[in-house]
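Comments concern the structure below.
Numbering (our numbering), first residue to last: 193 to 496.
Dropping the structure here:
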């Protein structure tokens, strides 16, 4: 699939592996699904007033602490020194800054040529046709934004043979509160649904907010990625491959688990599994008060 929708029709047909015959609706952005608290298309954030000056921390209301991106439009905090995913707020449609503002990256959409292809053991996958520098935005994981009861309902209807594309993002914020976002691209989604899991991924998922509190699930290059390299991310949501106490859930605890075929040296043998999607959530850990992080991202518990 190509990065630009303005390319000639013949080229688009050549790059579209499905020849436009895929029977699933495509959406570049989130859409409201059953049970969602907020319509992801609503604009609820006020805009900045940076009309004559560039958007900089201290003067721009969208940049509370520091710049999100460097001069090359690369995410700044993606090195090994980072311990958790920092929240990102971009300028929005109500901001007075120009469309060329350097705090507008994810909203510009695909900037690289991506291609869906057939893998040897993992079904469909997604790869890049371009070189992608570390820190650059690659694509979103977009679909229906659901409420938790609808997530449970859909998962309970799945069989062992079904692929589960539901993703659960939990951000730990002030006073032990947890902000949850559930996205399902199974019926309505974008190119991100073709991304496979890897225990040593080359992409990192960061919640990015633009027009409202419903985050875009943006995937950035965790390292330099060469042409024809398959794109992947860790479904468990580990940040930069850092282990934590929740990695024990990656083991086979007597449950029927899907094997992982990522081929990495540190492969856990099974795809990540999130038991919380099948039962009420436990009380959040208040020791993480004040932090905002992508705590757990566990889609495809049914398989790749």
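We treat Cβ as the ideally placed atom computed from N, Cα and C, and that holds for glycine.
Asked	Found
Local conformation of residue 232 per DSSP, three classes	coil
Local Cβ density within 10 Å of residue 475, reported as buried at 16 or more and exposed below that	Residue confidence is low: residue 475 scores 47 on pLDDT, short of 50, so the model does not pin down where it sits. Its coordinate-derived value is still stated next. The residue is exposed, with fewer than 16 neighbouring Cβ atoms inside 10 Å.
Coarse secondary structure for residue 381, derived from DSSP in three states	strand
Residue 333 beta carbon less than 8 angstroms from that of residue 301	no
Per DSSP, cross-strand counterpart(s) of residue 375	337, 359
Contacting residues, own chain, Cβ-Cβ under 7 angstroms from residue 492 (five flanking each side not counted)	Confidence in residue 492 is poor, its pLDDT being 40 and thus under 50, which makes the residue's placement unreliable; the coordinate value appears in the next sentence. Same-chain partners within the cutoff: 355, 356, 357, 389, 427, 463.
Touch test, the stretch 306–317 against the stretch 259–268, Cβ-Cβ under 8 angstroms, three pairs minimum	no
Per-residue burial, residue 403 [other beta carbons within 10 Å of its own, 16 or more giving buried]	buried
Cβ shell of residue 257 (< 8 angstroms), same chain only, five flanking positions each side left out	249
Segment limits, beta strand (DSSP E) that includes residue 330	329–332
Span separating the alpha-carbon of residue 405 from that of residue 255	15 angstroms
Backbone secondary structure at residue 346 - three-state DSSP	helix
Of the listed residues 407, 335, 393, 400, nearest to residue 225 (C-alpha basis)	335
Distance between beta carbons of residue 270 and residue 387, contact taken as under 8 angstroms	Residue 387 to residue 270, Cβ: 18 angstroms. No contact.
When 412, 243, 305 are compared against residue 293, the one with the closest alpha-carbon	243
Proximal residues to residue 297 (C-beta, below 7 angstroms), its chain only, five neighbours per side dropped	261, 265, 282, 329
Start-to-end residues for the beta strand (DSSP E) that takes in residue 415	Where residue 415 is concerned, there is no enclosing beta strand (DSSP E), given that its DSSP letter is neither H nor E.
Between the CA atoms of residue 284 and residue 319 - distance to the nearest angstrom	29 angstroms
Cβ-based burial, residue 379 [other Cβ within 10 Å; buried from 16]	exposed
Residues near residue 451 in its chain [Cβ-Cβ closer than 7 angstroms; skip 5 each side]	461, 462
Simplified DSSP state of residue 300, which is helix, strand or coil	helix
Local conformation of residue 498 per DSSP, three classes	Nothing about residue 498 can be reported from this structure: the residues present for the chain run from 193 to 496 only.
One or two residues paired with residue 408 in a DSSP bridge	400
Straight-line Cα distance separating residue 220 from residue 400	15 angstroms
Option in 421, 375, 425, 409 with minimal Cα separation from residue 305	421
Assigned exposure category for residue 382 - 16 Cβ within 10 Å defines buried	buried
Which residues DSSP lists as bridging residue 224, in chain order	337
Buried or exposed (CB count within 10 angstroms, at least 16 for buried), residue 367	exposed
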